[in-house]
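There are 2 protein chains.
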Amino acid sequence: MSLLKPRGTYHHGNLEEALIGAATQMVRTNGAEHLSLRAVAAEVGVSPSAAYHYYPDKDSLIAGVGKELFERLADLQEAASSKFPSKNAKGARARFRALGMGYFEWAVSEPNLFRLMFGGYCSIDFADAQFKRQETRAWNLLCSCLDDLEKYGAIDPKIRPYGELLAWSTVHGASALIIEGHLPKDSFSAVLDGLELMMGIRQR
Amino acid sequence: MSLLKPRGTYHHGNLEEALIGAATQMVRTNGAEHLSLRAVAAEVGVSPSAAYHYYPDKDSLIAGVGKELFERLADLQEAASSKFPSKNAKGARARFRALGMGYFEWAVSEPNLFRLMFGGYCSIDFADAQFKRQETRAWNLLCSCLDDLEKYGAIDPKIRPYGELLAWSTVHGASALIIEGHLPKDSFSAVLDGLELMMGIRQR
DNA sequence: TCCAAATCTGAACGATGTGCAGATTATTGT
DNA sequence: ACAATAATCTGCACATCGTTCAGATTTGGA
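Chains as they are written, first to last, in this note's numbering: chain A, 1 to 204; chain B, 1 to 204.
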């Protein structure tokens, strides 16, 4: 179903999703801080007030965008994850790297969307079931990867309890610092190298 | 010198700094996304246009706030650093922990200011000398701490080359994820424990 | 003392988020 | 098939915002 309302019609037919779609696109290119509700409505071919039937205010619309983005990120992680079978130490290690790299590449390729998710631009209700499910899904991918590494003796067992926390913090921190220009882009692979070294992640 | 212009006067006398001060305070409590140039001017007792004599637009004012905040953070790190002499392994370790804790506590106690600095809200000119100096100052504190740890054999030499990158990324990432509600507040000490463990940072 | 530079005001413009009354279309019950 | 009701959308209005610009006020130097 199209995002733009056919002219001559009164009902859009798909407004809620169309608004999210247009808003996502506009945040993607202009940044969340420059998003205009009126521009989103115009893009979709609808009056500004129409949006208020689905979202009580602009912040809620942005939160809606955010919720969808967490789903996209979890999908990305799942795709990266499923590329590497992880039936042995080598596979688990490749999966770990793919998860980190996927996270970083998402951040670098879509900095405005990444900022929207993690920069305090959107006030998602953290009790929201849909959101919780997506974040848990991504978190579990990381956990099971670490579990595999442990199973194959490919991670320092002393470090294992800190694994999820450290991996996410480090990868997220490096990604954030890089897209904001505080660290050079090419430093990420070094971060990942260092992280694997520190965690005792090795083949075999 | 006061921030509010005495009524009955025409010239403020200290507008540039007063604007930054008022803006900082308002960002601190309301967040950068809700900062109003007009409100800042009113707070200082001046017409909105007056600000344009010192800052070409609102973004520049926010950037000015940001620049000052990086100075404040470097000061904080310096204070935390100088509390721990680092004349031996134990001291160097305490200093490392103080640097990490100081960074985190700053983030947690002033989330809106932290977001302004690192969330893409302010477009600081990274070539700006004043900014560069402050960021370098903080970076050097971390480097010399790691150097000390190395000197006293209190860090895994294999890890040392990745030290600054990993420490900053991890501490920053955990801080950011925590203030945005993605991780519980009390997880930070675990992150720091894990980081020290991973880096082979130990007493003696 | 007088002139130039620095500093600030006031009014104005277009754009924005949001509320509300009412118009238009879809859906449901009979 | 038709009427009543709900869902959806429009148009207008209002306050606020960032920004511009002509001009008022003050300061400092020759």
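From the three backbone atoms N, C-alpha and C, an ideal C-beta is built for every residue, glycine too. Note that the coordinates shown come from a computational prediction; the quantities given were computed from them, not determined experimentally.
Beta-carbon spacing of residue i, residue j below 8 Å
{"i": "Leu142 of chain A", "j": "Leu99 of chain A", "result": "yes"}
{"i": "Ala154 of chain B", "j": "Arg93 of chain B", "result": "yes"}
{"i": "Asp59 of chain B", "j": "Ser144 of chain B", "result": "no"}
{"i": "Gly214 of chain A", "j": "Leu165 of chain B", "result": "The question about residue 214 of chain A has no answer, for chain A in this structure spans 1 to 204."}
{"i": "Gly200 of chain B", "j": "Asp156 of chain B", "result": "yes"}
{"i": "Gly181 of chain B", "j": "Arg115 of chain A", "result": "no"}
{"i": "Val44 of chain A", "j": "Leu61 of chain A", "result": "no"}
{"i": "Phe188 of chain A", "j": "Ile179 of chain A", "result": "no"}
{"i": "Ser169 of chain A", "j": "Thr170 of chain B", "result": "yes"}
{"i": "Ala74 of chain A", "j": "Arg137 of chain A", "result": "yes"}
{"i": "His205 of chain A", "j": "Gly163 of chain B", "result": "Nothing can be reported for residue 205 of chain A, as the shown portion of chain A is limited to 1 through 204."}
{"i": "Tyr152 of chain A", "j": "Ala79 of chain A", "result": "no"}
{"i": "Glu71 of chain B", "j": "Glu33 of chain A", "result": "no"}
Chain-ordered chain A contacts of residue i [CB-CB under 7 Å]
{"i": "Ser169 of chain B", "result": "Thr170, Gly173, Ala174, Leu177, Val191"}
{"i": "Arg115 of chain B", "result": "Gly119, Gly120"}
{"i": "Gly181 of chain B", "result": "Phe126"}
With 16 other Cβ atoms within 10 Å as the buried cut-off, status of residue i
{"i": "Arg133 of chain A", "result": "exposed"}
{"i": "Ser175 of chain B", "result": "buried"}
{"i": "Asp30 of chain B", "result": "In the sequence as displayed, the identity of residue 30 of chain B is Asn instead of Asp. By the neighbour-count rule (16 or more Cβ atoms within 10 Å), Asn30 of chain B is not buried but exposed."}
{"i": "Thr24 of chain A", "result": "buried"}
{"i": "His53 of chain B", "result": "exposed"}
{"i": "Gly13 of chain A", "result": "exposed"}
{"i": "Pro111 of chain B", "result": "buried"}
{"i": "Met1 of chain B", "result": "Unreliable placement is indicated for Met1 of chain B, whose pLDDT of 41 sits below 50; the coordinate value is still reported in the next sentence. Exposed: under 16 other Cβ atoms inside 10 Å."}
{"i": "Ser81 of chain A", "result": "buried"}
{"i": "Arg281 of chain A", "result": "The displayed coordinates of chain A run from 1 to 204. Any statement about residue 281 of chain A would go beyond what the structure contains."}
{"i": "Ala22 of chain B", "result": "buried"}
{"i": "Ala167 of chain A", "result": "buried"}
{"i": "Gln203 of chain B", "result": "exposed"}
{"i": "Leu4 of chain A", "result": "exposed"}
{"i": "Ala41 of chain B", "result": "buried"}
Contacts of residue i in chain A (Cβ-Cβ under 9 Å)
{"i": "Gly153 of chain B", "result": "Those do not exist, as Gly153 of chain B stays about 17 Å from chain A at its closest Cβ, beyond 9 Å."}
{"i": "Tyr52 of chain B", "result": "In chain order: nothing, as chain A lies at least about 20 Å away."}
{"i": "Glu33 of chain B", "result": "Ala32, Glu33, Gly120, Tyr121"}
Pick from the options that is closest to residue i, judged by C-alpha positions
{"i": "Asp186 of chain A", "options": "A:Val108, A:Leu146, A:Arg137", "result": "A:Val108"}
{"i": "Lys158 of chain B", "options": "A:Met198, A:Asp147, A:Ile159, A:Gly163", "result": "A:Met198"}
{"i": "Gln77 of chain B", "options": "B:Pro56, B:Asp148, B:Phe126, B:Glu105", "result": "B:Glu105"}
{"i": "Pro85 of chain A", "options": "A:Leu149, A:Gly45, A:Val44, A:Arg28", "result": "A:Leu149"}
{"i": "Asp128 of chain B", "options": "B:His172, B:Gly66, B:Ala32", "result": "B:Gly66"}
{"i": "Phe131 of chain B", "options": "B:Arg38, B:Pro56, B:Leu69", "result": "B:Leu69"}
{"i": "Thr9 of chain B", "options": "B:Gly21, B:Val46, B:Glu33, B:Ala22", "result": "B:Val46"}
{"i": "Ala51 of chain B", "options": "B:Glu17, B:Asp75, B:Glu33", "result": "B:Glu17"}
{"i": "Tyr121 of chain A", "options": "A:Arg97, A:Val27, A:Ala41", "result": "A:Val27"}
{"i": "Phe126 of chain B", "options": "A:Leu37, A:Arg38, A:Pro184", "result": "A:Pro184"}
{"i": "Leu192 of chain B", "options": "A:Glu196, A:Ala190, A:Leu192, A:Pro161", "result": "A:Pro161"}
Under 8 Å by beta carbon: chain B residues contacting residue i
{"i": "Ser187 of chain A", "result": "Leu165"}
Under 9 Å by beta carbon: chain B residues contacting residue i
{"i": "Leu195 of chain A", "result": "Tyr162, Leu166, Ser169, Thr170, Met198"}
- Message: Short of 9 Å Cβ to Cβ, which residues in the segment 62-83 of chain A face chain B?
- Response: none
- Determine which residues of the segment 132-159 of chain B have a Cβ less than 9 Å from any Cβ of chain A, and write them out in chain order. Glu135, Asp156, Lys158, Ile159
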